[in-house]
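The working numbering numbers the first residue of the sequence shown as 202 and each following residue consecutively.
By construction, the Cβ of each residue, glycine as well, lies at the ideal position given by its N, Cα and C atoms.
Remember, it's a predicted structure, so these values are computed and weren't measured experimentally.
Contents: one structure, followed by commentary.
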Amino acid sequence: VDLTFFSDYTRGTLHNNDDVPRVPPLRLGFQFDHRNGNWRSNLRLTRAQRQGHTGLNE
């Protein structure tokens with residue numbers, strides 16, 4: 202049995218301080234893995250936060 206917690210966050214701005222388009226928001230989650238002989242199962246849940254810094258025309 203394995204339990205993994207993860208998160209990622211990226212923040213980018215252009216030279217004129219505008220936000221970079223198409224950058225994903227903060228993500229948080231966990232993954233549960235179980236193995237029994239030749240059988241394997243997993244469950245992964247991911248939560249994406251609201252994007253507060255959208256680029257121009259996005």
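**Request:** May I have the straight-line CA-CA distance separating Val224 from Thr255, to the nearest angstrom?
**Result:** The C-alpha of Val224 lies about 8 Å from the C-alpha of Thr255.
**Request:** Can you grab the Cα-Cα spacing for the pair Phe231 / Ser242, in whole Å?
**Result:** It is roughly 14 Å from the alpha-carbon of Phe231 to the alpha-carbon of Ser242.
**Asked** Taking Cβ positions, are Pro226 and Arg251 nearer each other than 9 Å?
**Response** Yes, they are a contact pair.
**Candidates Asn239, Glu259, His235: closest to Thr205 by CA position** = If we check each option's Cα against that of Thr205, His235 comes out closest.
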